[in-house]
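2 protein chains.
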Amino acid sequence: MASSTEGNTRPIRLADIAKAAGVSHGTASNVFSRPEIVREEVRERVKAAAEAMGYAGPDPKGRLLRAGKVNAIGVATTEPLSYFFDDPFARAMMAGISQACDATGAGIALVSAGNEEKLAWNIQSALVDGFILFCIEGGSRLVELTRERKLPFVALELGFDDDTVSAIGVDNVAGARLAAQHLAELGHRRFAVLALPFADGSTGLVSPEKVRTALYTGTRDRLVGYFEAFSRYGVDTAGIPVYETENDEASTRAGLETIFASAEPPTAIVAMSDRIAMIAIEWLAARGIAVPGDVSVVGFDGVPDAAICDPPLTTVAQPIAEIGRRAARSILDFDGTVRRETLGVELVVRASSGSPPKTA
Amino acid sequence: MASSTEGNTRPIRLADIAKAAGVSHGTASNVFSRPEIVREEVRERVKAAAEAMGYAGPDPKGRLLRAGKVNAIGVATTEPLSYFFDDPFARAMMAGISQACDATGAGIALVSAGNEEKLAWNIQSALVDGFILFCIEGGSRLVELTRERKLPFVALELGFDDDTVSAIGVDNVAGARLAAQHLAELGHRRFAVLALPFADGSTGLVSPEKVRTALYTGTRDRLVGYFEAFSRYGVDTAGIPVYETENDEASTRAGLETIFASAEPPTAIVAMSDRIAMIAIEWLAARGIAVPGDVSVVGFDGVPDAAICDPPLTTVAQPIAEIGRRAARSILDFDGTVRRETLGVELVVRASSGSPPKTA
DNA sequence: AGCAAAATTTGAATCGATCCAACAAAGATG
DNA sequence: CATCTTTGTTGGATCGATTCAAATTTTGCT
Chain A
13 MASSTEGNTR PIRLADIAKA AGVSHGTASN VFSRPEIVRE EVRERVKAAA EAMGYAGPDP
73 KGRLLRAGKV NAIGVATTEP LSYFFDDPFA RAMMAGISQA CDATGAGIAL VSAGNEEKLA
133 WNIQSALVDG FILFCIEGGS RLVELTRERK LPFVALELGF DDDTVSAIGV DNVAGARLAA
193 QHLAELGHRR FAVLALPFAD GSTGLVSPEK VRTALYTGTR DRLVGYFEAF SRYGVDTAGI
253 PVYETENDEA STRAGLETIF ASAEPPTAIV AMSDRIAMIA IEWLAARGIA VPGDVSVVGF
313 DGVPDAAICD PPLTTVAQPI AEIGRRAARS ILDFDGTVRR ETLGVELVVR ASSGSPPKTA
Chain B
13 MASSTEGNTR PIRLADIAKA AGVSHGTASN VFSRPEIVRE EVRERVKAAA EAMGYAGPDP
73 KGRLLRAGKV NAIGVATTEP LSYFFDDPFA RAMMAGISQA CDATGAGIAL VSAGNEEKLA
133 WNIQSALVDG FILFCIEGGS RLVELTRERK LPFVALELGF DDDTVSAIGV DNVAGARLAA
193 QHLAELGHRR FAVLALPFAD GSTGLVSPEK VRTALYTGTR DRLVGYFEAF SRYGVDTAGI
253 PVYETENDEA STRAGLETIF ASAEPPTAIV AMSDRIAMIA IEWLAARGIA VPGDVSVVGF
313 DGVPDAAICD PPLTTVAQPI AEIGRRAARS ILDFDGTVRR ETLGVELVVR ASSGSPPKTA
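Just so you know, the protein sequences line up as chains A and B, in that order.
Just so you know, we're using the working numbering here: the first sequence kicks off at 13 and counts up by one.
Just so you know, we're using the working numbering here: the second sequence kicks off at 13 and counts up by one.
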């Protein structure tokens, strides 16, 4: 009722207001992108026309095509989107990524898809300048898909031997060594390992065979670290049960059942993630097994939750936020080179680890 | 070295491979977007050319301009980006939004900016089909800015009287009434209210004046609900201290100091958010004031954390995820109408509320 | 007024795809 | 053999802006 152009069907373009104001596209464009170079009188006229016609401002879709840069970075995973808001590790990582993006004014686009087909499409059609990949399950496929986009990308956790992909991760061997050594120094000699996946879709006790052919080198490296430290203390690593979990409740519990069904259950558990460790603590508590009185538990990751669980978790802390910041920056100021960074980790001793029980 | 086009500076376009394969760009386009309609022999030829030239696939930037739809929804706030991963309420909301987006394969773009100027730019240039607005502080400005984009958008929490903006929220009056009534029924008669902001940037005890002119109607409505229930139980609401916080630790503590400096401190606190309530519980515990022995606390929101804090928080639970899902869907299947939905809330009684102390 | 320098404005080219009406070729039908 | 289908291919138009060399207008100065 107010303006006469009510009920219009097509959104107003820059060209429309240029015509209305009696100037060229070029000038109209300048009014919005570099107002200082157009004469005031003209500028006001164009702005007035825009106002009158209900122009929404230069459409970023158009600008984008010309400019080439989206000014957003994509964060991708094969997990559902809610993973980014649920998982403590992901959240800590996102906090770091957010910081770097905030600092430069870049946006974040969350990309994910349950099924393979949708994932491919989502990766292919994401409007971003580069990707940060959360390589959980199906990480190799994710890398493959992303590589086809020919955009800069960086994998979180050096899950791959492939030296042609940029990655940021931690020294898994050293970190695992720290955890194992800590327990050995406390006097433990009977251990069990709750591992992350060695390959997609399998769980259960793992053979040395499997370890050697592990798809995920991160998992393998942590195991190597554990075993290195154990051997140094004279423990026969061949006798240590290594149970491959899927980093979830079901498989971790199954692993614990298996491990504690043994005649000589361990006095210490090394878990390859805090998630696993916390599930283990809960399981042990439910069985009336004291932590760390009867069994000590050491995690890996250093997620914030680990500090406030009961008992607080001894763990190998990764600089999660820092990894996130670096990952984001490596995309934001991409220089065309492959970059593989390895950050240090730190043993954080809390209350979930202690001396083994006397009676053992 | 392998292919002759090494060291090229310009990325390969669809037109390039069309020429190389000796077909029109129309056909080349079809090879990628509707492969079934092009003859197999041609299709293979084009694909081979693409492969050989290292074509990254149709660039979404180009497609976008033509198609018009981005297939992503923007979630905006004036808080820093990390807010989405830190704040429990935001996280629960994002989980709901994620679900809806996952279901339709839409992406999520996070938009935020500390300062006004960047915010404006980020909103203006976000590549999205619509916005979901987290109207925390500075919500009105956010709405204004977003309105200019002329894209569908929906405000979370009906923070505004403005009937021209779509919004999804809960019945604040009813929810608050529930909380207050619960406490009154337990026998409490001396109350204090820890409120959310009535307007930007102010804190402290609020006058009835301020309540009437509240910018945020959500805050006002909750207060109305509280007072309604209190009056029904014969409590003089004029005597109830209402302290406006900024929903953070500092202002909440300041509020508690003020409230408990009184000669007749309350036996029950109604907090307008779980965040405030949990901060209050912590503050009370630190003072040696038992919850709910000496003072009962009731929150608002129903964030997941409220169930696991100590003591578990009695609160008015909003269907947070459901709000998120609806918000996302209202953008995804936008029909051009303004929609204002009000969802119901539910009182969840846990351990932070009980009878008032006998001695009081 | 006359002219060079400075300030503005113009309009065509470009970004990278998709869409579609028109056309061509091959196959089916009477 | 002429005509109608069916199946594939073509090339121009379009999406909505930005850019830049060239054209035009202003301004400054003598």
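We put the beta carbon where it would ideally sit given N, CA and C, even for glycine.
Span separating the alpha-carbon of residue i from that of residue j
i	j	result
residue 80 (chain B)	residue 112 (chain A)	30 Å
residue 31 (chain B)	residue 133 (chain B)	39 Å
residue 137 (chain B)	residue 63 (chain A)	19 Å
residue 356 (chain B)	residue 183 (chain B)	6 Å
residue 360 (chain B)	residue 324 (chain B)	10 Å
residue 362 (chain B)	residue 326 (chain B)	4 Å
residue 296 (chain B)	residue 308 (chain B)	10 Å
residue 269 (chain A)	residue 94 (chain A)	30 Å
residue 160 (chain B)	residue 23 (chain A)	13 Å
residue 135 (chain B)	residue 89 (chain B)	10 Å
residue 274 (chain A)	residue 146 (chain A)	36 Å
Cβ neighbour criterion (16 or more within 10 Å) applied to residue i
i	result
residue 225 (chain B)	exposed
residue 194 (chain B)	buried
residue 116 (chain A)	exposed
residue 110 (chain B)	buried
residue 51 (chain B)	exposed
residue 99 (chain B)	buried
residue 124 (chain A)	buried
residue 58 (chain A)	buried
residue 371 (chain B)	exposed
residue 37 (chain A)	exposed
residue 358 (chain B)	exposed
Cβ pair residue i, residue j closer than 8 Å
i	j	result
residue 166 (chain B)	residue 343 (chain B)	yes
residue 367 (chain A)	residue 198 (chain A)	yes
residue 202 (chain B)	residue 276 (chain B)	yes
residue 210 (chain B)	residue 231 (chain B)	yes
residue 240 (chain B)	residue 189 (chain B)	yes
residue 321 (chain B)	residue 293 (chain B)	yes
residue 118 (chain A)	residue 312 (chain A)	no
residue 217 (chain A)	residue 245 (chain A)	no
residue 122 (chain A)	residue 87 (chain A)	yes
residue 204 (chain A)	residue 252 (chain A)	yes
residue 108 (chain A)	residue 354 (chain A)	no
residue 84 (chain B)	residue 141 (chain B)	yes
residue 152 (chain B)	residue 208 (chain B)	no
residue 332 (chain B)	residue 305 (chain B)	no
residue 102 (chain B)	residue 316 (chain B)	no
According to DSSP, residues forming a beta bridge with residue i
i	result
residue 311 (chain B)	B:327
residue 352 (chain B)	B:179
residue 44 (chain A)	Partner(s): none; residue 44 (chain A) has no beta bridge.
residue 124 (chain A)	A:89
residue 217 (chain B)	B:255
residue 360 (chain B)	B:327
residue 146 (chain B)	B:89 and B:168
residue 282 (chain B)	B:205 and B:310
Residue-chain proximity (residue i, chain A), Cβ-Cβ < 8 Å
i	result
residue 147 (chain B)	no
residue 161 (chain B)	yes
residue 330 (chain B)	no
residue 187 (chain B)	no
residue 42 (chain B)	no
residue 59 (chain B)	no
residue 93 (chain B)	yes
residue 107 (chain B)	yes
residue 305 (chain B)	no
residue 222 (chain B)	no
residue 84 (chain B)	yes
Chain B within 8 Å of residue i, Cβ atoms only
i	result
residue 113 (chain A)	yes
residue 120 (chain A)	yes
residue 338 (chain A)	no
residue 15 (chain A)	Unreliable placement is indicated for residue 15 (chain A), whose pLDDT of 39 sits below 50; no coordinate value is reported for it.
residue 74 (chain A)	yes
residue 134 (chain A)	yes
residue 177 (chain A)	no
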